[in-house]
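If you read the protein sequences in the order shown, they are chains G and Z. Plus 46 on top of the position in the first sequence (first one is 1) and you've got the numbering used here. Plus 511 on top of the position in the second sequence (first one is 1) and you've got the numbering used here. The beta-carbon is built from N, C-alpha and C at its ideal position, and this holds for glycine as well. Here the structure is a predicted model, which is why all the values come from computation and not from measurement. Let me begin by presenting the structure, written as structure tokens, before commenting on it.
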Amino acid sequence: MQKNNNQEPSKFRAFLSSDTFKGLLPFIGFVVIVVVMNILTEGKILTPKRIRLLLSQVYYPMIVATGVFFIMTLGSIDFTEGSTLGLASIVISKLSFISIPLAILGGVLTGAAIGAINGFFHVKFKLQSFITTICTMFLFRGVCAYLTTESAVPASTEIKALDLNWLKITITVAVLLIAWFLFRFTRIGNDVKAIGSGETAARFSGVKTDRVKFLVFVAAGALTGIAAFVNVIKVGSITATAGSQLETQILIALVLGGLPITGGAKVRFSNIIVGTLMYTVLNNGLVMLGYETQTQQLIKGIIFLVFVALTIDRKALKVIK
Amino acid sequence: MSNNVNLQKPAQKHEGGNTPLLIAEHIDKQFGITHAVNDVSLTIDAGEVRGLIGENGSGKSTFSQMLCGIYSIGGGSFTLDGQPLHPKNQVEANNAGVAIIVQEMGTLSGLTVAENIFFGHEEPFMHLGVKNTGAMNREAQRLLNEYGFGRIKASDMIDRYNFEDRKLVEIVKATYMKPKILVVDETTTALSQNGRQELYKIVDAIRADGRTVIFISHDLNEVMEHTDSISVLRDGEFVGTFRTADTSEDQLKRYMVGREIGSAYYRADYGEKVSDEVVLTVDNVSVPGEISNISFQLHRGEILGFGGLSECGMHEVGKAIFAASWDRTGSVKLADGTAINDIPTAIRKSIAYTSKNRDNESVIVNESIRNNIVLPSIEDLANHGILNNRKLTAFADKYAKDMQTKMTGVNQFVSDLSGGNKQKVVLARWLGKGSDILVLDSPTRGIDIGVKQAIYALMDDMRKQGKSIIMISEEIPELLGMADRIIVMKDGTISGEFMRDPALSEEDLIAKMV
């Protein structure tokens, strides 16, 4: 069929399908998106003011994405971030009138509790995370809507006064550093990747698969609770749409960042950072170009599809747990 | 059912088996840097059974999978019966008259037996886009009865049957339409003695019909017995084709390995006294639907073999000891009284387990060699919970090299390795952990001679160091050659026990198995 294959194109094709290239793809994509957006907006996106605005939108998605990164490395998926963020934000806002540390604690516990519910059903009842979290998403979205029907939930002025860049940067960097350390230098990272690559074999090699999965869901929920705090200090009052579609945004961001949708050993921690930045630039660029929301969604959908198709590890392809 | 008349053509051409049926010219395939098949040219006649042998990674499976449309042809050409053959997928290959029975599970869960048999060939049963299930089931049942597998019901879900019965269904699927060439790729390792006999009968029938079989196996004995000629591959290259009648097992081994293989294959000693010290006591262990009331003791420095037909429950015994079974009752206790009720305890208390289902239960295929090897030892390698990646790499590298794993480095993914090298990674993992009790389920399944010999030597070494081994195996010669004691199982219970003895024969064991 390809008898007289000359060497050049086959080497090039081999490079295109190599892991090195797939690892570089997100970075190339990031540069391309920044350059394209910069040209289309006639340089407006790279002004200091814009960059500051961009960064202010990065913090809480990046914190949430860190938790989801671990879940997706397991080969699982979580659709509850948006509703968790909404609910945790409401708890934080209400408690912020009593005490701010209490508010933060309340937010983190709310997130952890939702994560625990997801993890419990996923692990104990062997329900796929996909199914479990779609159900709980509806449940908690309902709770959010119920709590905000009368009016938006306001937060105290004390907590709004904390809307300081250095604080948000510190929280985000701290979360990333701790997560990176756990992922890279403790057995948690190894266990999570092993489960994502082959759960039974991991269990037969001594990984406490059920416990690890449950804890990852709890931790991801708790991180969303922290993100909710960053959200509250920024927006100040919580409406029914708080965190709406956050789960899909995070999913797109991580996949744009090069995270294989099947999870496993080929994930890289940099996926979180590159992905979130890329998504934010893309999102802002589309807004600046004056596209309507519908058109924006359409474009994001297409880019998402192309990226999944380019980065997916077909050898590891299976149903998401 | 239209019994594709055109496929019967070669039968008329059968005149002593000298008509070339398949001509392969300069067949080539590369996977990244691995040259899996390197410029292989060979001719296979109509009406012959051709053995295709070689060590793991020699390219025999890749070669035949290109022929069957599973892999695309990297270079060169196949000519089948005068027609060029470029199958893009298995269905195309089937239609051209090439069928394959693969090594691993080749049936689809969630479909009935009949749907599996006619998968990709449903047209005869379709009327205006609606499937006539009754007709399909009847035809499938007719075929099953014809093959003598009447106990398998065509309308049942395939999931109701065990690995071996599913293989039989695959055999029917691959052969009912009378392919010109049937490729049997390591199928016998999944079959018990009975199943093998069935397969040999079918192979003989195909030859008698003037059609051709390519028979891939690691079991040279079997290859010698059932083929007319044998082609040998080594490291992706074609070594030569030999008439079975004019060659010997030793000669073939030399061609395969490229060097002399000693005759010391199994351990040679007999009559050595095994220690009385009990290291593991299994008491009244049952797993619903699998095994019932299994009790035995394992001694220090003993190799305890478990034999039986593949569905006799012996594989579950391995899982039960390692606490990997669901719903196990009864007790598994170590000499110090520790009860083994969960896998982490089993591993911490020095029990190792390798599964028969290597790709799903032993190695993590989509993970690096390094991370596979360090997995159970990770707690020991951590310093206050903190991992030193350089230390992990050095650890994995040491044990992978001790096992002489063929790899580009420990960061290579296990998915790139051949079956034998995967097994080396599994063994390296437990060698690194320093486990004292090893439960090895089918340790040499689908593995070539070179690696087999290394695994037997390793087991013998471990035994001499006072480690205890439970070897579960469907290979009777291996049990006779390696075990100090053999427990035979049948229908989930222990049916016999034999001590190591040169006078012990395969028949003695088989008598207790069936």
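- Between Ala-831/Z and Val-796/Z, the C-beta gap is smaller than 8 angstroms, which places the two residues in contact.
- Look at Pro-988/Z: its C-beta is not under 8 angstroms from any C-beta on chain G.
- For Leu-533/Z, the closest of Pro-595/Z, Asn-804/Z, Met-637/Z by C-alpha to C-alpha distance is Pro-595/Z.
- The beta-carbon separation of Met-183/G and Phe-125/G, rounded to 5 angstroms, stays under the 8 angstroms limit for a contact.
- Along the stretch 92–120 of chain G, none of the residues has a CB nearer than 9 angstroms to a CB of chain Z.
- Val-921/Z is positioned such that its CB atom lies no closer than 8 angstroms to that of Val-876/Z.
- An exposed status is given to Gly-945/Z, since fewer than 16 other beta-carbon atoms sit within 10 Å of its beta-carbon.
- For Gly-896/Z, the nearest CB of chain G lies under 8 angstroms from its own CB, placing it at the interface with that chain.
- For the pair Gly-943/Z and Ser-879/Z, the Cα-to-Cα distance works out to about 16 angstroms.
- At least 8 angstroms separates the CB of Ile-555/Z from every CB of chain G.
- Of all C-beta pairs linking the stretch 588–607 of chain Z to the stretch 976–984 of chain Z, fewer than three are shorter than 8 angstroms, placing the two stretches out of contact.
- Neighbourhood of Ile-889/Z in chain G, by CB distance below 7 angstroms: Arg-233, Asn-236, in chain order.
- Ala-610/Z carries a strand assignment under DSSP once its states are collapsed to helix, strand and coil.
- In the displayed model, Gly-586/Z falls within a strand according to three-state DSSP.
- Just so you know, the alpha carbons of Gln-174/G and Tyr-776/Z end up roughly 48 angstroms apart.
- Where Phe-807/Z is concerned, there is no enclosing alpha helix (DSSP H), although the beta strand (DSSP E) around it starts and stops at 802–810.
- Counting only the Cα atoms, Leu-886/Z lies some 29 angstroms from Ala-994/Z.
- With the rule of 3 Cβ pairs closer than 8 angstroms, the stretch 999–1016 of chain Z counts as touching the stretch 814–821 of chain Z.
- C-alpha of Leu-70/G to C-alpha of Gly-586/Z: approximately 30 angstroms in a straight line.
- Of the candidates Lys-68/G, Leu-351/G, Ile-241/G, Ile-241/G places its Cα closest to the Cα of Asp-256/G.
- If you compare the alpha carbons of Arg-187/G, Lys-254/G, Gly-303/G with that of Thr-195/G, the shortest gap goes to Arg-187/G.
- Chain G has a Cβ within less than 8 angstroms of the Cβ of Ala-893/Z.
- Per the DSSP secondary-structure output, Asp-794/Z pairs in a beta bridge with Ser-842/Z.
- The three-state reading of DSSP puts His-826/Z in helix, counting H, G and I together.
- Val-77/G has its alpha-carbon roughly 15 angstroms from the corresponding atom of Lys-68/G.
- Spatial neighbours of Asp-746/Z in its own chain (CB-CB distance under 7 angstroms, excluding positions within 5 residues in sequence) are listed in chain order as Ser-569.
- For chain Z, the residues of the stretch 301–318 of chain G that bring a beta carbon within less than 9 angstroms of one of its beta carbons are Thr-308, Gly-310, Ala-311, Lys-312, in chain order.
- Here the C-alpha atom of Met-914/Z lies approximately 15 angstroms from the C-alpha atom of Thr-865/Z.
- In the displayed model, Arg-1011/Z falls within coil according to three-state DSSP, outside both helix and strand.
- In this structure, the straight-line span from the alpha carbon of Ile-74/G to that of Val-104/G is close to 20 angstroms.
- Neighbours of Phe-250/G in chain Z, taken as residues at a C-beta separation under 8 angstroms, are given in chain order as Phe-833, Ala-835, Ile-854, Tyr-864, Ser-866, Glu-872, Ser-873.
- Within the DSSP secondary-structure output, Asp-539/Z pairs in a beta bridge with Gly-586/Z.
- Residue contact with chain Z for Gly-69/G: absent (no Cβ-Cβ distance below 8 angstroms to any residue of chain Z).
- Judged by DSSP in its simplified three-state form, Phe-817/Z adopts strand.
- In the structure shown, Arg-249/G adopts helical secondary structure according to DSSP, grouped into three states.
- With a 10 Å radius around the Cβ and a threshold of 16 neighbouring Cβ atoms, Lys-170/G comes out exposed.
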